[in-house]
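Undergrad:
Numbering (the numbering used here), first residue to last: 3 to 220.
1) CB-CB under 6 Å to residue 37, same chain, minus the five flanking residues each way: which ones, in chain order?
2) For a test of the three-state rule: what should DSSP assign to residue 86, helix, strand or coil?
3) Please list the segments of the alpha helix (DSSP H) lying wholly inside the region 94–162, counting only runs of 4 or more residues, in order along the chain.
4) Do the CB positions of residue 76 and residue 206 come within less than 7 Å of each other?
5) Between the beta-carbon of residue 80 and the beta-carbon of residue 124, is there less than 7 Å?
6) So, do the region 43–58 and the region 175–190 have three or more beta carbon pairs nearer to each other than 8 Å?
7) Measure the C-alpha to C-alpha separation of residue 126 and residue 111 and round it to an integer number of angstroms.
8) Going along the chain, which residues of its own chain have a beta-carbon closer than 6 Å to the beta-carbon of residue 73, five neighbours each way excluded?
9) If you measure between the beta carbons of residue 98 and residue 141, is that distance less than 7 Å?
10) Tell me whether residue 21 is buried or exposed, calling it buried when 16 or more other Cβ atoms sit within 10 Å of its Cβ.
11) Please confirm whether residue 178 and residue 133 have their CB atoms less than 7 Å apart.
12) Buried or exposed for residue 16, going by 16 or more other Cβ atoms inside 10 Å?
13) Have a look at residue 219 and residue 160 and give me their C-alpha separation to the nearest angstrom.
14) Could you tell me the distance, in whole angstroms, from the CA atom of residue 66 to the CA atom of residue 89?
15) Thinking C-alpha only, which one of 176, 71, 40 is nearest residue 84?
16) Mind checking residue 82: buried by the 16 CB within 10 Å criterion, or exposed?
17) Would you mind working out which of 158, 68, 107 sits nearest residue 2, comparing C-alpha positions?
18) When the distance is taken between beta carbons, is residue 32 closer than 7 Å to residue 91?
19) Compare the beta carbon distance of residue 208 and residue 175 with 7 Å and say whether it is the shorter of the two.
20) If we call anything under 7 Å between Cβ atoms a contact, is residue 204 one with residue 29?
21) Report all residues from its chain with a CB closer than 7 Å to the CB of residue 148; omit the five preceding and five following residues, and keep chain order.
22) Use the C-beta contact count for residue 34: other C-beta atoms within 10 angstroms, 16 or more gives buried, fewer gives exposed.
23) Classify residue 61 as helix, strand or coil using the three-state DSSP reduction.
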């Protein structure tokens, strides 16, 4: 991509064979979310290491041997994935999904009563998981019927350049990532490559959507 951008990664760039056209470069969102998931599971992140998969792992241990499981699909391949299992996009998304964050939020409310007091501090982890899950859902909008079948307005096609979801990308998500980066040491943050891909793809996607709607009547 840097070769196409004359040595500096940027978007959009002129089409190499047709200067009247623009190319909006981006990294694959599936690979980004898999990398984010893997780093989340492998280390504590954030300025005070407040974002941690230890809550997820404790939830998994609590469910073992129990007939009633808050998150029935939560198995070892989600918490301790092998190198092959890390290739699966579905497990990366599901481990960040509302089914899991709802269970963790419930544990927060029950901290010190029916579960360990440590769950009182799960808030930043839930926020991180919720933001990354929504980021992927918005990036994965692929047709005009998706939101109907999934009963989810976030998966509706983009038809307005001032869509509140685009503003969420720009004003909430990117600011969240930058604040998180500023507060963290490098070893407690995403890898440089993952961070760069996450921000670049977000910005490029928003610009591409607005270009298609404003200039191409898409």
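Where a beta carbon is used, it is the ideal one built from N, C-alpha and C, also for glycine. Just so you know, these numbers come straight off a predicted model, no measurement behind them.
TA: If we stick to the structure as given:
1) 196
2) coil
3) Within the region 94–162, the runs of alpha helix (DSSP H) at least 4 residues long that lie entirely inside it are, in chain order, 100–111, 125–141, 148–152.
4) no
5) no
6) yes
7) 14 Å
8) 101, 102, 105
9) no
10) Classification for residue 21: exposed.
11) yes
12) Residue 16 is exposed by the Cβ-count criterion.
13) 12 Å
14) 25 Å
15) Minimum Cα-Cα distance from residue 84 among the listed residues 176, 71, 40 corresponds to 40.
16) Exposed, by the Cβ-count rule.
17) Within the shown structure, residues of the chain are numbered from 3 to 220, placing residue 2 beyond reach of any answer.
18) In this structure, residue 91 places its C-beta atom within 7 Å of the C-beta atom of residue 32.
19) no
20) no
21) 157
22) buried
23) helix
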